[in-house]
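Written as structure tokens, this is what we have:
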């Protein structure tokens, strides 16, 4: 008699009960991908990884060597207990997160930061030290910085912190916010417009109906719409970040996309399937995977955006899928319909940011992926942009990118149930801690948040 599964590959995981590193198999069963763990103390457990075997296998075509980065810790206890970054980590920092305050004006049941909730805020001196450390760790070429919390707009010096980050020459600075202050304080929204050009608001936005009460504990739709109204008024580039919870708002992805495409200020959407950190109640039936979100997008947009329009992000193929789009007439068209990215993946940098000017100076190579658009072979993409783009004024370049590009991404973070060692070692979103370490976002929430 045959086994009930097909053994695909070996990995290491974590026992969700004792949190010890355990051997695991990645297996295929009934058209899905599972993690089959073996713990000496707690026995065998099954955890869903993906809903689509074909996507899971094919994503490896986009995989490539990680970028070497400085390390802060040495190998002692083994991944994920030596963060970071330790010598086992295989990817540099594409995105930094600095939590400038633990204060928050909401009480979301799913919040991964609740375990560290308090009213403390970091001093400017400490934040500057963390920013300098982050830049030094990336050899003065740090890409994206997300200013987060808690709710960062509650920090008394949040505007000064944004300016400091820009002065430190991070290529892109993002303000992660629930939008309450932007909605309620138009002067604050106007103040944010002074940072346009390498600045963006990363706005929590889970639905276009009033499902916020179930998700966030209070009615928020009008506040979200008012925040976007103010962001639109002052032309502030905005990305919507949507936590997708199965059975609550997984039927909203199509409506969110349709809504976003009607707003000039919204430059992208990042869908994040719920991760189960802390003491969150977990049952496999509650898990929504990256590939299931892609299926929902195609179904709910009635094929306007297809699952095949997304590619695994080369710097972390395990956990991120992206669809970069450009304006063609009155529509946004996925760039993968115009160019074969797979055959040129070896030329894509391990980055989420691209210098479009540098790209256009090249004749036949990829430059990278970014928060604005994905690059392609320069010759193929020249037809998608204005003539003499490189020679245009900075304000014209910013205006073009803000008005003519759009991105949709799905980011599936790792928790103790779906922990796969490769996924965590390739994760490029890193939390900067006060003691000057870089810890992968998933590992931080899974293990380190309470300790730090």
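In our numbering, the protein residues as written are 5 to 456.
Just so it is clear, CB atoms sit at the ideal spot from N, CA and C, and this is done for glycine as well.
Predicted, not measured: the structure shown is a model, and the values here were computed from it.
So the beta strand (DSSP E) residue i belongs to, where does it begin and stop?
i	result
residue 332	324 to 332
residue 34	It is not in any beta strand (DSSP E) - residue 34 carries neither H nor E in the DSSP assignment.
residue 3	Given that the chain is displayed from residue 5 to residue 456, the structure contains no residue 3 and the question cannot be resolved.
residue 436	433 to 436
residue 335	335 to 338
residue 179	176 to 181
residue 209	Per DSSP, residue 209 belongs to no beta strand (DSSP E) and is neither H nor E.
Which one of the options has the shortest CA to CA distance from residue i?
i	options	result
residue 405	167, 88 and 200	200
residue 431	117, 447, 259 and 439	447
residue 225	219, 233, 214 and 231	214
residue 340	313, 325 and 321	313
residue 436	242, 5 and 126	126
residue 403	246, 415, 137 and 241	241
residue 231	90, 249 and 196	196
residue 434	260, 335, 395 and 453	453
residue 438	46, 129, 108 and 55	129
residue 442	58, 54 and 73	73
residue 229	398, 219 and 260	260
residue 177	243, 55, 234 and 185	243
residue 27	324, 83 and 298	83
residue 334	265, 449 and 301	265
residue 202	194, 193 and 179	179
residue 188	13, 227, 92 and 415	227
residue 136	105, 110, 170 and 158	170
residue 131	300, 96 and 172	172
residue 43	29, 55 and 36	29
residue 428	415, 445 and 440	445
residue 239	53, 416, 190 and 10	190
residue 329	337, 322 and 323	337
residue 529	246, 31 and 185	The structure shown does not extend to residue 529, since the chain is modelled only from 5 to 456, so the question has no answer here.
residue 160	245, 398 and 106	106
residue 54	426, 449 and 416	416
residue 316	62, 392 and 37	62
residue 3	81, 257 and 396	No answer is possible for residue 3: the residues shown for the chain start at 5 and end at 456.
residue 2	399, 319 and 285	Outside the shown range of the chain (5 to 456) lies residue 2, about which nothing can therefore be said.
residue 88	290, 11 and 76	76
residue 150	194, 96, 124 and 206	206
residue 263	211, 154 and 91	211
residue 426	93, 60 and 85	93
residue 299	112, 398 and 325	325
In this structure, what does DSSP give as the bridge partners for residue i?
i	result
residue 277	248
residue 414	275 and 325
residue 28	15 and 41
residue 51	39
residue 10	32
residue 192	BP columns for residue 192 are empty, so no partner.
residue 243	206 and 272
residue 315	326
residue 152	103
By the DSSP assignment, the alpha helix (DSSP H) with residue i in it spans what residues?
i	result
residue 220	216 to 220
residue 259	257 to 264
residue 162	162 to 171
residue 443	Not the alpha helix (DSSP H): residue 443 falls in the beta strand (DSSP E), residues 442 to 444.
residue 58	57 to 62
residue 185	184 to 188
residue 404	398 to 408
residue 427	425 to 429
residue 226	225 to 237
At a threshold of 7 Å, does residue i count as lining the ligand COA (C-beta to nearest heavy atom)?
i	result
residue 157	By its list of ligands, the structure shown contains no ligand whatsoever, and the ligand COA lies outside what it can speak to.
Kindly provide the ranges of any alpha helix (DSSP H) runs that are 4 or more residues long and lie completely inside the region 72 to 150, ordered along the chain. 128 to 141
Under 8 Å, with one C-beta from each stretch per pair, do the region 266 to 281 and the region 302 to 316 reach the 3-pair mark? no
With three or more C-beta pairs closer than 8 Å as the rule, is the region 401 to 417 touching the region 264 to 273? yes
Check whether the region 83 to 100 and the region 132 to 151 are in contact - that is, three or more C-beta pairs closer than 8 Å. yes
Three or more C-beta pairs under 8 Å: does that hold for the region 165 to 177 against the region 111 to 118? no
Taking 8 Å as the cut-off, does the region 245 to 262 touch the region 145 to 159 (at least 3 CB pairs, one atom from each stretch)? no
The region 16 to 23 contacting the region 422 to 429, beta-carbon criterion three pairs below 8 Å: yes
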